[in-house]
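A.B. asks:
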Amino acid sequence: MLLQTCLFLLVLSNFCMLGTPRIRRMTGMTAIQGLLLTVLLCIFGHVMLAVAVLLIKGLLLPGLLWRTLKRLPAQALVCPRKVVPLDVLAGMGGLAFSFWLDGRLVMAHGLFPPMLLPLGLATLFCGLILIVGRIKAITQVIGYLVAENGIFLLGMPLMTTGTAWFELALLLDVFVAVFVMGIAINHISDSFASIDVARFRSLRD
Amino acid sequence: MSQSLVVYFVQLCLALLLAPLLPGIINRVKAIFAGRHGKPLLQTYYDLAKLLRKGEALSQTTTWVFTLAPAIALVATLCALALLPLGGSSSPLAFTGDFVLAAYLLALGRFATMLSALDTGSSFEGMGASREATFAALAEPVLFLTLMVLTSLSLNAGLDTEHALSLSALFGGQSADTWLGGKIELLLVPVVFFILLLVENCRIPVDDPNTHLELTMIHEVMVLDHSGPNLAIIVYGTALKLWFFAALIAGLMTPDLSPWPQAALRTGIVLLLSVLVGVTESVMARLRMQRVPALLGGAAAMSALALILSQMR
Amino acid sequence: MTLFLWTLCLLVAGASLCAILAVCPSVSATARAANLIGALGSATACLLGLVALVCSPWNASLSVHLPWGLPVGACALGLDALSRLFLLPVFGLGFVCAVSGGLSLRHERPEMHNFGAHWLFYFLLLLGLALVMTSRDAVLFMLAWELMSLAPFFLIDFNDGDSKVRDASWVYLTAAHLGAVALMAFFVLLWQTTGQTSLDNVGPALSQATPGLQAALFVLCVLGFGAKAGLAPLHIWLPEAHPAAPSHVSALLSGAMINAGLYGIVRSLGLLSQAGNAQEWWGWSLLFLGLGTGVMGILKATAQSNLKRLLAYSSVENMGLMTMGLGVGYIGHICGNGWIAVMGVSGALLHMCNHAAFKGLLFLCAGEVLHACGTVRMGQLGGVQKKMPLVGIAFAIGAASIACLPPCNGFAGELLIAFSLLDGPSLNGVERQMGLLVSFAGMACISGLAAALYAKAYGITFLGQPRSGFAVNAHPATWRTLWPLSLPAAVCLAGGLAAPAFFKLAVSAAHCALPLSDVLSAQGHNALRQAEHSLTVVSCVGCVGIALVVAILFIRKILLRGRRVKAVPTWSCGFQAASPRVQYTDAAFSEPMARIFGRAMGLKVDVHQDVQLFPQDGFLAIMAPDRLRTKLFTPLFQAVESLCNACKIMQHGKIHLYILYMLATVVGLLIWGLRV
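Residue numbers (numbering that gives the first Met the number 0), protein chains in the order written: chain C, 0 to 204; chain V, 0 to 312; chain F, 0 to 675.
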């Protein structure tokens, strides 16, 4: 029951991200997703890992994003509204598709608890949609984080103590990526006065 | 059988009698939030009594549409209300597909009101009619999506098609295991219904019922030119519509109890909902006109999410 | 059946009489004679046809073979429930439109038009329709189809002095013939596969056909019949032809002729699935084709400012709804769900009948408005209700019916289609369930927009104050010219208040269209009982509702007795200096919708603003051109034209080179012949 509730809240937070043009709210949602993942890990019994996830995904990464946001000008914090309905629709499509995929994939019985596989896939899709649909560099970081959350979720039931280290390494990977991105965005915003990915086109030959 | 009929009719009479109380409660809650004393709770009753004693001022531009429309709107709402299961007993009129009829009856009421607004030939009222038409057109798919969540739920629960497609099955009190059976996404359904209640009854954040003379209004502007008994019919019809939507939510939230406690619980929830509407109105600002479709889109997304999750798992 | 043959004879006789009058010199006496003979003759024939339909039992399957002079095909006619149901609007609306057309053509100048020819083609259209719905042989069917497709060309071209009307009729003719090409290919393929032309025997003989061939047959049938029914993207002739035609013709075309496309789809799907090899994707493609057509039609209709064009797009939308019903019916049939199958098909057929009634009524009302005011551009009308109260009432009834509002007939058909879509969760497989539920959400969207659309159509045209001289100087219309409108209006009300009776007719036709297996028909039987019960309660609620409205009005009257009822100018927040021009117009009314759906509506907004500090003049035009026509069909046809022009290089006028062509051909043939 608790598992189902957490998964549902995770999907809801995905759609909140897809449905809002405000980057500040999206950042808050990543923190919430980190929290939800922590709870899920506790349900699966990986308490140590849960603490690590809480620290990294729940506090460190959102904190970094938050720090970056504070340095950005106000107009950089809102995405264009026009893409929002399309993103939500695409997210619905992704959700329906992952349920369909869930029915088709042959998995060992009892490996995944119900709803985990489709919702993990849906989270992955939502992250990818965020990367594709929003043109700010920072939303791409957020999208990347969401996609990673999806993968993490899918890996959760497969974890044994040995693979937990692997997962932790993955987390660190993401952490480094975000760190690099954060620095890069700072530099981009210093030199271009905008973090619009679309403007990168001016860099081509 | 006879007991449930008695319960039903008591509830129906209660709805007809208490409906004008809801706007009073909302206004009182708003007044308390604003630190005022506020109008009496029974203000709508006083208004109705006053209006029924008056004559009428009819615009020279208007035709029979203007005179007929309030009556049609009221009767449509009444018939829709009569289809609802009230207090744990299904309506004697209940039939397969009655929720489609109820939704279209509400649409009929809106249609008549829009026409009566256009009949005055005033640009203000045309504005209201145009906005009402747009928002109603957007609200209709949301309503049906939400009802679809409930029908597919009862179809998947193994009910026959003919019984599943009826308001009495959807709102006749949910058994506890529906809510506790891990279908957490169903919590979205009352939320969507509440948004629909706000939209369909033209409350904040969609429309401000207090601003008669601003360019932001929807429902109040459509009835600017009505007066006397006709206005009384409209005011009463609006109150009944509010009760209808509140009763929908109440039907969703009440557990499957025995008739009399359920009846009491439902009435309580309806009154509580009007308090909630008052709180919402006090703590929120009215949305910009262009944002209302986004609100409805959000509601549609929520009910689609509930539909996908409950249908595909 | 004999009575039906007599009807056909009467139509032929009327046509030949009018043909004689058509070649007579055009003076007012011949015009009056043609008008009289045409209107009376076709009205009588239609009445006789209705009697023929009613006299034989509705479910009886009758057939007759007449002598036939051609080497292929046969003159086989048959009447079953499906044919009867589709003939009902043909004859019913044929009668109403004949009378109303006869009354309205009295005012036209005889030297401008050839009335004999007009009524000749009216007879031929009715004849063609009657034959299409009853022929049981492919050759006869194609001949009747051509007759039915050609006659409207001349009917639309009635005001041939106007170049727009000529253009519109050419668009119609092109569309009709491109559709006929697909149909020709369909029937030739059928003939080639089975070796027979009789439509009764073709079905079982198809069991040997390969899946590829069946798919080809299905696509050809949807293309050919879809072009007539106006399924997107083949709908582009409808919004051109309907506004150009005289209103009694557009009423008949929209209410009865485009149904022939639906009839064709129903019949040929029946044929193709008879051997038991129907494919599920047929149903799905029909469902989504219908959904797309419906959404496109209603959005385009919302963007229109010409009343008749709006009605034409709304016909497209309604055909979309019916196609959805058919599609979901076939899905239910193939997936083995009797409830979905029966509800879908009978809902589509019931909606077809209802659509004929209200669309005919609305087009005739639009015709009266055009006749009285001289325009149907809504932005110039307004306040017509005061001048023509009877037309206003009729239009209000039609608008409420087409918006599917409960006491009128439109609701019944939509309720049945909704039943079948709502039962989606009982199918197997999530994609099927979601497909049906998504379509239902689409249908809810369509019906929501339809209510807004008809509030606009009725409110802007008939209510408020006159916006221009056209509406101020409208001639009043009297009961004597308007009585034909009362018939479809009565059908609209009766179809809602006595829906179960109409439903029974549609159900027999649905059984005829889609023969179900025993298990399914047992399920279907239960479904029908439920649906009938539901419709009965709906009509009861409707009756009680009407009684309550009357009661409230009565109470209000009693309350107001002895009190003052002042007639005052519209208050509208005390702004008394308003002129009628500040009223909301059609474009203003649909502006909030255009903000949301502007791109889907294909709106083209042209703004010229003065940018100086004190702006002088501004200019704003909002148009809704059909993007499919301008972006798809026009370039396509231009490409074909330039290709044909490129071929003209062969035709240079040099005789000696033409002889060279012949020589080359003969030599080439000789070589080919010897090689083989």
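Don't be surprised by glycine CBs; every beta carbon is placed ideally from N, CA and C. Note that this is a predicted model, so its numbers are computed, not measured.
In whole angstroms, give me the CA-to-CA distance for residue 14 (chain C) and residue 143 (chain C).
C.D. replies: Sequence index remark: in the first sequence, residue 14 (chain C) carries index 15 (1-based). Sequence index remark: in the first sequence, residue 143 (chain C) carries index 144 (1-based). Each residue's Cα considered, the two are about 15 Å apart.
A.B. asks: Can you tell me which of the three DSSP states residue 69 (chain F) falls into?
C.D. replies: Your numbering for residue 69 (chain F) matches position 70 in the third sequence. Of the three classes helix, strand and coil, the one that applies to residue 69 (chain F) here is coil, per DSSP.
A.B. asks: Exposed or buried, what is residue 293 (chain F) when buried is set at 16 or more other beta-carbons lying within 10 Å of its beta-carbon?
C.D. replies: Start at 1 with the first residue of the third sequence, and residue 293 (chain F) comes out as number 294. Buried: at least 16 other Cβ atoms inside 10 Å.
A.B. asks: If you measure between the beta carbons of residue 103 (chain F) and residue 247 (chain F), is that distance less than 9 Å?
C.D. replies: The residue labelled residue 103 (chain F) in the question sits at position 104 within the third sequence. The residue labelled residue 247 (chain F) in the question sits at position 248 within the third sequence. It is a contact, given that the beta carbons lie within the stated cut-off.
A.B. asks: So the beta strand (DSSP E) residue 57 (chain V) belongs to, where does it begin and stop?
C.D. replies: The sequence position of residue 57 (chain V) within the second sequence is 58, counting from 1. Element bounds for residue 57 (chain V): 55-58.
A.B. asks: At 7 Å on the CB atoms, spell out the chain F contacts of residue 210 (chain C), in chain order.
C.D. replies: The question about residue 210 (chain C) has no answer, for chain C in this structure spans 0 to 204.
A.B. asks: For the beta strand (DSSP E) containing residue 78 (chain F), name the first residue and the last one.
C.D. replies: Here residue 78 (chain F) is taken as the residue at index 79 of the third sequence, counted from 1. Residues 74-78.
A.B. asks: Does the Cβ of residue 103 (chain C) have 16 or more other Cβ atoms within 10 Å, making it buried, or fewer, making it exposed?
C.D. replies: Working through the first sequence from its first residue, we reach residue 103 (chain C) at position 104. Burial call: exposed.
A.B. asks: Using only CA atoms, which one of F:78, F:431, F:352 lies nearest to residue 408 (chain F)?
C.D. replies: By 1-based counting over the third sequence, the position of residue 408 (chain F) is 409. It is F:352.
A.B. asks: Looking at the strands, I want to know which residues DSSP matches up with residue 85 (chain V).
C.D. replies: Counting from one through the second sequence, the residue named residue 85 (chain V) turns up at place 86. V:88.
A.B. asks: What number of angstroms, rounded off, separates the C-alpha of residue 5 (chain C) from the C-alpha of residue 35 (chain C)?
C.D. replies: Looking up residue 5 (chain C) in the first sequence gives position 6. Looking up residue 35 (chain C) in the first sequence gives position 36. The straight-line gap from Cα to Cα measures roughly 6 Å.
A.B. asks: Might you give, ordered along the chain, the residues of its own chain that have their beta carbon closer than 6 Å to the beta carbon of residue 265 (chain F), omitting 5 neighbours on each side?
C.D. replies: Walking along the third sequence from the start, residue 265 (chain F) turns up at place 266. So the list reads 512, once near-sequence residues are dropped.
A.B. asks: Sort out for me which residues DSSP pairs residue 621 (chain F) with in a bridge.
C.D. replies: Against the third sequence, residue 621 (chain F) aligns to sequence position 622. DSSP lists F:604 as partners of residue 621 (chain F).
A.B. asks: Closer than 7 Å, Cβ to Cβ, to anything on chain C: give me those residues from the region 282-298 of chain F, in chain order.
C.D. replies: Listed in sequence order: no entries.
A.B. asks: Have a look at F:184, F:422, F:358 and flag the residue whose alpha-carbon is nearest the alpha-carbon of residue 316 (chain F).
C.D. replies: For the purposes of this step, residue 316 (chain F) is taken as the residue at position 317 of the third sequence. Ranking the options by Cα distance to residue 316 (chain F), first place goes to F:358.
A.B. asks: Curious, which full-length alpha helix (DSSP H) runs of at least 4 residues does the region 109-153 of chain C contain?
C.D. replies: Qualifying alpha helix (DSSP H) stretches, in chain order: 115-132.
A.B. asks: Short of 8 Å Cβ to Cβ, which residues in the region 454-478 of chain F face chain V?
C.D. replies: So the list reads 454, 455, 457, 458, 459, 462, 463, 464, given in the order they occur along the chain.
A.B. asks: So who's on the other strand from residue 169 (chain V), going by DSSP bridges?
C.D. replies: Numbered from 1 along the second sequence, position 170 holds the residue referred to as residue 169 (chain V). DSSP, once it has assigned bridges, lists no residue as partnering residue 169 (chain V).
A.B. asks: For residue 644 (chain F), count neighbouring Cβ atoms within 10 angstroms of its own Cβ and tell me buried if that reaches 16, exposed if not.
C.D. replies: Position 645 of the third sequence, counted from the first residue, corresponds to residue 644 (chain F). Exposed: under 16 other Cβ atoms inside 10 Å.
A.B. asks: In three-state DSSP terms, what is residue 565 (chain F)?
C.D. replies: On the third sequence, position 566 is the one that residue 565 (chain F) refers to. DSSP places residue 565 (chain F) in strand when its eight states are reduced to three.
A.B. asks: Would you mind reading off the limits of the alpha helix (DSSP H) that contains residue 279 (chain V)?
C.D. replies: Translated into positions along the second sequence, residue 279 (chain V) becomes position 280. Element bounds for residue 279 (chain V): 258-282.
A.B. asks: Quick one, which residues of the region 43-54 of chain C are near chain V if we go by CB-CB under 8 Å, in chain order?
C.D. replies: Per Cβ criterion, the list is empty.
A.B. asks: Just tell me which of F:631, F:114, F:560 has its CA closest to the CA of residue 51 (chain V).
C.D. replies: For the purposes of this step, residue 51 (chain V) is taken as the residue at position 52 of the second sequence. It is F:560 whose Cα lies nearest to the Cα of residue 51 (chain V).
A.B. asks: Could you tell me whether the Cβ of residue 147 (chain V) comes closer than 9 Å to any Cβ of chain C?
C.D. replies: Position 148 of the second sequence, counting from 1, holds the residue named residue 147 (chain V). It does not: the Cβ of residue 147 (chain V) has no partner Cβ on chain C nearer than 9 Å.
A.B. asks: Residue 105 (chain F) by DSSP, collapsed to three states: which one?
C.D. replies: In the third sequence, the residue the question calls residue 105 (chain F) occupies position 106. Here residue 105 (chain F) sits in coil by DSSP.
A.B. asks: Please tell me whether residue 48 (chain F) and residue 3 (chain F) are closer than 9 Å, where the distance is taken between their beta carbons.
C.D. replies: Against the third sequence, residue 48 (chain F) aligns to sequence position 49. Against the third sequence, residue 3 (chain F) aligns to sequence position 4. Yes; because the gap between Cβ atoms is below 9 Å, this pair is in contact.
A.B. asks: Could you tell me whether the Cβ atoms of residue 232 (chain V) and residue 73 (chain V) are closer together than 9 Å?
C.D. replies: Within the second sequence, the letter at position 233 stands for residue 232 (chain V). Within the second sequence, the letter at position 74 stands for residue 73 (chain V). Contact: yes.
A.B. asks: Using a C-beta cutoff of 9 Å, does residue 62 (chain C) count as contacting chain V?
C.D. replies: Sequence index remark: in the first sequence, residue 62 (chain C) carries index 63 (1-based). Cβ-Cβ to chain V under 9 Å: no for residue 62 (chain C).
A.B. asks: By Cβ distance below 6 Å, which residues in the same chain neighbour residue 606 (chain F) in space, the five residues on each side in sequence not counted?
C.D. replies: The residue given as residue 606 (chain F) occupies position 607 in the third sequence. Around residue 606 (chain F): 619.
A.B. asks: In chain order, what residues of the same chain have a beta carbon less than 6 Å from the beta carbon of residue 486 (chain F), not counting five sequence neighbours either side?
C.D. replies: Within the third sequence, the letter at position 487 stands for residue 486 (chain F). Excluding sequence neighbours, residue 486 (chain F) sits near 95.
A.B. asks: Using a C-beta to C-beta distance shorter than 7 Å, which residues of chain V count as neighbours of residue 585 (chain F)?
C.D. replies: As a working mapping, residue 585 (chain F) is identified with position 586 in the third sequence. Result: empty, since nearest Cβ-Cβ is about 10 Å, beyond 7 Å.
A.B. asks: Would you mind giving the Cβ-Cβ distance between residue 76 (chain C) and residue 68 (chain C), rounded to the nearest angstrom? I have them listed as a contact below 8 Å.
C.D. replies: The residue labelled residue 76 (chain C) in the question sits at position 77 within the first sequence. The residue labelled residue 68 (chain C) in the question sits at position 69 within the first sequence. The pair is a contact, with the Cβ atoms about 7 Å apart (cut-off 8 Å).
A.B. asks: For residue 87 (chain C), would you say it is in contact with chain V, using Cβ-to-Cβ distances shorter than 9 Å as the test?
C.D. replies: Mapped onto the first sequence, residue 87 (chain C) falls at position 88. Yes, residue 87 (chain C) counts as interfacial toward chain V.
A.B. asks: Name the two residues that bound the continuous alpha helix (DSSP H) containing residue 315 (chain V).
C.D. replies: Residue coverage of chain V in this structure runs from 0 to 312, which leaves residue 315 (chain V) outside it and unanswerable.
A.B. asks: State the DSSP-derived secondary structure class of residue 209 (chain V), mapped to helix, strand or coil.
C.D. replies: The residue given as residue 209 (chain V) occupies position 210 in the second sequence. If DSSP states are grouped into helix, strand and coil, residue 209 (chain V) belongs with coil.
A.B. asks: Output the boundary residues of the alpha helix (DSSP H) element that contains residue 46 (chain V).
C.D. replies: Within the second sequence, the letter at position 47 stands for residue 46 (chain V). That run of the alpha helix (DSSP H) goes 42-51.
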